[in-house]
Amino acid sequence: MQAVVIATYNEAENIPSLLRQIKEAAPDVAAIVVDDDSPDGTARIAREMGLPGVEVLVRKAERGYGPAVRDGLLHALRRGAGRVATMDADFSHDPRVLPELLARLDEADVAIGSRYVGGVRVINWNAKRLLLSIFANLYVRTILGLDTQDCTSGFRAYQAGVLRKMKLRTVRSNGYSFLVETLWRAARRGATISEFPIIFEERHEGESKMNRGIIWESIWTPWRLRLRG
Ligand SMILES: Nc1nc2c(ncn2[C@@H]2O[C@H](COP(=O)(O)OP(=O)(O)O)[C@@H](O)[C@H]2O)c(=O)[nH]1
Ligand SMILES: [Mg+2]
2 MQAVVIATYN
12 EAENIPSLLR
22 QIKEAAPDVA
32 AIVVDDDSPD
42 GTARIAREMG
52 LPGVEVLVRK
62 AERGYGPAVR
72 DGLLHALRRG
82 AGRVATMDAD
92 FSHDPRVLPE
102 LLARLDEADV
112 AIGSRYVGGV
122 RVINWNAKRL
132 LLSIFANLYV
142 RTILGLDTQD
152 CTSGFRAYQA
162 GVLRKMKLRT
172 VRSNGYSFLV
182 ETLWRAARRG
192 ATISEFPIIF
202 EERHEGESKM
212 NRGIIWESIW
222 TPWRLRLRG
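Numbering (my numbering), first residue to last: 2 to 230.
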C-alpha cells in the first residue's frame, strides 16, 4: 500500500479539488490529510466529501507543518504503507506527478520533486521569495554538506524502511526546517536520495503560512543538526 500525506491549514478553497485530482491521478494511493483544526473548516469539508481511500486527521494541541507531516507519516506507517509521499494542499505540487514521484522509489530510498535540479522552475514567485528559497538551499547544503539541490521541497516520497530508521518522533522542527531535518536524518542513515525536476507554481487560492518564526528556525536548524546530529 502507498500513501500521500497532506498537511493543511486553512485550505478550504483548495482541498475539494485537490482530493479529487489525487484520486483521479493515483486512485490506489491512500490520502491522509492532517489538519490543525483549521478555522475555515478544511477538515470537515474533506470528511464530508466521503471519498474512499481518504482519511482526515485533526490535531488540536499544537500547530505546525513539521509535526503535522510527522504525525501523517507515522499514521501511514501504522497503516502499513510501503511508500509514503508528502505534498502541499495548495496545488504548488501537481497531483498528476504523484505516481511518478512514488515510482521513483524503484531506484532510491528517498525521491524529491526538485525545483532547482538542472535549472530553476518556479512560477509566480516574486524575486524576494525566490532568492530566499535559493539562498536557503545554498545555506543548508553548505552547512550540512548535502548534495541535494532542493533540500526544502515538500514534494517527496520515502521508503517505509527509511522513515522507520529516522526516528520521526524525535524530529523537532516546526516549519520547513522539518524538510531539512528529515533529509539530513535520511542521508546520515545512508539512504539514497534521487531528485527529479518538477514545476512549482505559487498558490492561486488561500494564503501562505510563511512567517518570521519559520525563517528564524530555518537559520539555526542546520547549525543545530551539524553540532548535535
Ligand atoms: N497542518 C498544518 N499544515 C500547515 C501548517 N502550515 C502550513 N501548512 C500546510 O503546508 C503546506 C505548505 O504551506 P504554505 O503555506 O503553502 O507554504 P508556502 O508554500 O511555503 O508558502 C500547505 O498545504 C499548508 O496548508 C500548519 O501549521 N499546520
Ligand atoms: Mg504553498
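For each residue, glycine too, the CB sits at the ideal point set by N, CA and C. The structure presented is a predicted model; accordingly, all values stated were derived computationally and were not measured.
Rounded to the nearest angstrom, the gap between the Cα atoms of Glu56 and Val111 is 24 Å. Within the segment 28-61, the beta strand (DSSP E) runs of at least 3 residues that lie entirely inside it are, in chain order, 30-36, 55-59.
Taking the Cβ of Ser195 as the reference point, every heavy atom of ligand 1 lies at 8 Å or farther away.
Counting of Cβ neighbours within 10 angstroms places Gly207 among the buried residues, the total reaching 16 or more.
Looking from the CA of Thr193, the closest CA among Gly51, Trp185, Leu75 belongs to Trp185. Looking at the DSSP output, Pro198 bridges to Ser115. With fewer than 16 other Cβ atoms inside 10 Å of its own Cβ, Asp29 counts as exposed.
Assignment of beta strand (DSSP E) within the segment 160-225, counting only whole runs of 3 or more residues, yields 194-198 in chain order. By the Cβ-count criterion, Arg71 is buried, with 16 or more other Cβ atoms from all chains shown falling within 10 Å of its own Cβ. The DSSP-derived three-state label of Val85 is strand. By the criterion of a C-beta distance shorter than 6 Å, Leu58 is surrounded in its chain by Val35, once the five residues flanking it on both sides are discounted.
By the neighbour-count definition (other C-beta atoms within 10 Å, threshold 16), Gly67 is a buried residue. Every residue whose beta carbon comes nearer than 6 Å to a heavy atom of ligand 2 appears here in chain order: Asp89, Asp91, Ser93, Arg204, Ser209. Following the DSSP letters along the chain, one finds Ala4 inside the beta strand (DSSP E) bounded by residues 3-9.
Scanning its chain for C-beta atoms nearer than 8 Å, with the 5 sequence neighbours on each side dropped, one finds around Leu99 the residues Val5, Ile23, Ala26, Ala27, Val30, Ala86, Met88, in chain order. Look at Val141 here: in three-state DSSP terms it is helix. Cβ atoms of Ser178 and Thr222 come within 8 Å of each other, at about 4 Å.
Inter-residue distance for Ala8 and Gly73 is about 8 Å (C-alpha atoms, whole angstroms).
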